[in-house]
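Chains as they are written, first to last, in the working numbering: chain A, 1 to 479; chain B, 480 to 742.
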């Protein structure tokens with residue numbers, strides 16, 4: 001593996017990140033909120049750091065698969081690390097650990113925050129937070145493909161790391177087209193959310209921030225009380241609609257925009273996603289009504305928004321789920337684990353994997369019943385290869401092990417099991433809100449520094465879906 | 480657009496310039512933060528401390544005014560005029576501090592607080608003059624007329640003093656955060672600088688040092704064993720040109736040796 005080639009691409013990513021910081025600087029100067037020097041300094045430091053490998057290393061057309069994985073992994077790590085500089089410079093309430101946490105939470109589109117008072121931040125810092133979501137949602141790959149004119153084979157290698165094997169099976173196109181389409185859909189959804197929220201009467205600044213958070217399924221809101229601040233059914237409906245859209249495969253959405261709407265609903269994965277969503281909303285609504293005694297309307301409104309928000313791993317909140325009955329809290333955790341569809345910005349294990357696992361289990365049971373039969377796992381009419389089925393189960397095993405270890409680490413810091421498990425799941429699934437001593441409005445500031453650092457790392461592990469990280473970090477001689 | 484060609488000198492110089500720029504930016508930000516904070520704290524402390532001093536002056540003068548009235552009631556003064564003169568003297572001292580406090584308004588709420596002091600002081604002076612014009616003032620008159628007005632003035636002045644003391648307290652908190660806020664840019668550039676230096680070292684080694692050592696080994700190998708090996712130069716710059724020149728030299732040597740053998 002050519003480390004210098006990886007450095008070049010990571011450098012390009014940092015230069016782009018510097019551009020984002022300087023954009024926020026321009027906004028800060030325009031509104032004169034006093035935070036301009038933070039973004040000027042951060043932008044310059046980030047730019048200079050990224051510039052060196054770009055100057056040194058010549059343009060490289062061909063990348064190996066391992067180099068592709070490494071670029072994605074190290075670019076994410078670099079962006080999260082350099083992205084924390086504005087927070088670190090801002091100072092209280094951010095120390096170095098919480099700056100890392102907030103930065104990782106932004107770029108991995110987790111949306112967990114350690115802030116207990118979001119409104120106290122200057123507007124430019126709030127804008128930067130939201131932009132970290134927007135940038136992160138698109139992923140490092142998309143930015144590399146926009147800036148570098150002719151990646152050729154390199155683009156193919158990079159995109160395989162970002163778009164998992166499962167997503168490729170669902171929508172076969174040349175990789176460069178996939179990335180262009182993702183970009184168009186992404187920007188299109190952002191504009192649609194923005195306009196819809198403005199029509200609902202949301203102030204322009206808040207609408208921008210919510211739009212960035214929604215399309216990236218991030219969850220950073222401009223207020224501490226998240227979407228509950230607005231107390232508006234229309235806002236909640238708009239956000240729910242676009243959160244659902246944002247966790248569908250972008251390729252399917254692109255086809256839908258070109259007129260093939262049926263394709264979206266013909267997809268087995270989308271159908272499974274909507275089925276799980278409907279069941280979860282139904283169970284929670286019934287539970288809230290019969291156990292908590294809430295009115296039907298209130299139960300449906302609260303239950304549906306929170307389930308959609310957490311299944312899409314966005315993390316917006318209109319209520320504190322800690323006050324919900326235990327069954328509803330459990331359903332909430334389960335939908336966080338499931339997450340959205342591959343090929344979207346959502347987190348979790350992805351509905352695709354759930355579909356593969358269900359199909360794999362069905363095929364296995366079928367083979368047990370009919371040992372002589374040829375029974376394969378299928379997604380619709382398409383046969384799923386053994387490699388995909390095996391890799392899905394391996395992924396789940398690693399996912400569970402990593403989550404358990406992290407939960408134990410949090411418990412070692414003195415937190416109860418509910419808080420530890422929910423925080424771990426929320427971070428690895430890039431969802432955001434937890435339970436227990438955390439609330440649906442976050443405030444991970446209760447955790448000590450080393451837990452905040454580990455949560456940030458866990459968010460990156462979750463965003464990269466583990467395998468990319470393992471491939472990039474495993475020494476070559478061991479493989 | 481003509482592609483800008485970076486040679487060895489350009490790349491190495493760029494690396495050191497970038498490092499220097501990062502240090503300069505960090506230093507500039509640290510200085511900026513220090514200056515800004517020290518200005519803020521200095522003005523907070525100076526202005527707040529002065530306001531507290533003026534408040535204390537008002538309280539002292541107010542106590543003396545009150546003492547004059549009590550002594551007048553007790554019959555300590557030889558004449559009414561003597562009491563009035565002394566009362567006027569201490570009221571002037573009070574007014575002097577009050578006017579200075581008005582000229583030192585820096586915080587939110589201070590103006591409103593001073594307006595309360597003005598109103599209370601005006602009412603007290605009126606009550607004081609009423610007592611001084613009485614034929615035979617008694618303690619009962621003092622308790623009814625003067626004491627409530629005196630307490631009101633004291634409370635108003637105390638509120639002003641408390642307001643400024645709070646600002647002094649906040650300023651001291653700001654001083655607490657001084658080291659952290661001014662050190663942070665330096666700390667960040669230290670961490671980033673170390674990573675940058677490691678990256679720079681790696682790139683210099685990969686692109687220049689290692690190829691140079693390989694060229695040396697290849698040249699020695701040729702000199703001893705006439706064994707021509709390949710050196711991969713990644714960047715097409717002066718080092719690449721050097722290796723190509725060495726390769727041409729080796730070819731020429733081979734050609735000449737071949738001709739000699741032929742002879």
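The C-beta atom is built at its ideal place from N, Cα and C for all residues, glycine as well. What you are looking at is a predicted structure, and each value in this text was computed from that prediction instead of being measured.
Residues of chain C with CB under 7 angstroms from residue i, in chain order?
i                     : result
residue 37 of chain A : Included in the structure are the protein chains A and B, with no chain C among them.
Near residue i, what residues of its chain come up, given a Cβ to Cβ distance below 6 angstroms and the 5 sequence neighbours on each side ignored?
i                      : result
residue 494 of chain B : 679
residue 209 of chain A : 130, 222
residue 80 of chain A  : 103, 104, 107
residue 579 of chain B : 533
How many Å lie between residue i and residue j at the Cα?
i                      : j                      : result
residue 732 of chain B : residue 701 of chain B : 10 angstroms
residue 347 of chain A : residue 379 of chain A : 21 angstroms
residue 85 of chain A  : residue 455 of chain A : 18 angstroms
residue 577 of chain B : residue 564 of chain B : 20 angstroms
residue 21 of chain A  : residue 83 of chain A  : 9 angstroms
residue 254 of chain A : residue 382 of chain A : 21 angstroms
residue 150 of chain A : residue 339 of chain A : For residue 150 of chain A, the pLDDT reaches just 32, beneath the cut-off of 50, and the residue's location in the model is therefore unreliable, leaving the point undetermined.
residue 400 of chain A : residue 226 of chain A : 30 angstroms
residue 417 of chain A : residue 407 of chain A : 8 angstroms
residue 375 of chain A : residue 351 of chain A : 22 angstroms
residue 719 of chain B : residue 691 of chain B : 10 angstroms
residue 487 of chain B : residue 74 of chain A  : 27 angstroms
residue 118 of chain A : residue 93 of chain A  : 10 angstroms
residue 262 of chain A : residue 34 of chain A  : 51 angstroms
With 16 as the cutoff for other CB atoms within 10 Å, does residue i come out buried or exposed?
i                      : result
residue 569 of chain B : buried
residue 608 of chain B : exposed
residue 503 of chain B : exposed
residue 206 of chain A : buried
residue 555 of chain B : exposed
residue 7 of chain A   : buried
residue 643 of chain B : buried
residue 45 of chain A  : buried
residue 583 of chain B : buried
residue 430 of chain A : buried
residue 410 of chain A : buried
residue 676 of chain B : exposed
residue 88 of chain A  : buried
Residue i and residue j: beta carbons closer than 8 angstroms?
i                      : j                      : result
residue 11 of chain A  : residue 54 of chain A  : yes
residue 211 of chain A : residue 184 of chain A : no
residue 76 of chain A  : residue 463 of chain A : yes
residue 315 of chain A : residue 111 of chain A : yes
residue 520 of chain B : residue 670 of chain B : no
residue 306 of chain A : residue 319 of chain A : yes
residue 355 of chain A : residue 272 of chain A : yes
residue 345 of chain A : residue 109 of chain A : yes
residue 284 of chain A : residue 312 of chain A : no
residue 524 of chain B : residue 647 of chain B : yes
residue 761 of chain B : residue 625 of chain B : Nothing about residue 761 of chain B can be read from this structure; chain B reaches only from 480 to 742.
residue 419 of chain A : residue 432 of chain A : no
residue 567 of chain B : residue 595 of chain B : no
residue 186 of chain A : residue 138 of chain A : yes
residue 256 of chain A : residue 331 of chain A : no
Keeping to the same chain, check which residues put their C-beta closer than 7 angstroms to that of residue i; ignore five residues upstream and five downstream.
i                      : result
residue 707 of chain B : 701, 729
residue 713 of chain B : 686
residue 47 of chain A  : 15, 18
residue 526 of chain B : 583, 585
residue 598 of chain B : none
residue 426 of chain A : 112, 336, 432, 433, 434
residue 71 of chain A  : 6, 9, 10, 158
residue 588 of chain B : 642
Apart from the five residues just before and just after residue i, which ones in its own chain have a Cβ nearer than 8 angstroms to its Cβ?
i                      : result
residue 359 of chain A : 377, 378, 379, 384, 389
residue 39 of chain A  : 21, 22, 24, 25, 28, 86, 124, 128
residue 243 of chain A : 214, 217, 308, 309, 312, 314, 316
residue 461 of chain A : 402, 428, 469
residue 181 of chain A : 173, 250, 251, 254
- Message: My parser needs the beta strand (DSSP E) runs of 3 or more residues fully inside the stretch 681-719 of chain B; what are they?
- Response: none
- Message: Quick check on the DSSP output: what are the complete alpha helix (DSSP H) runs of length 4 or more inside the stretch 322-407 of chain A, in order along the chain?
- Response: 326-338, 351-369
- Task: For the stretch 22-77 of chain A, list the beta strand (DSSP E) runs that are entirely contained and at least 3 residues long, ordered along the chain.
- Result: none
- Segments of 4+ residues assigned as alpha helix (DSSP H) that fall wholly inside the stretch 219-296 of chain A: 233-246, 250-257, 262-266, 268-292
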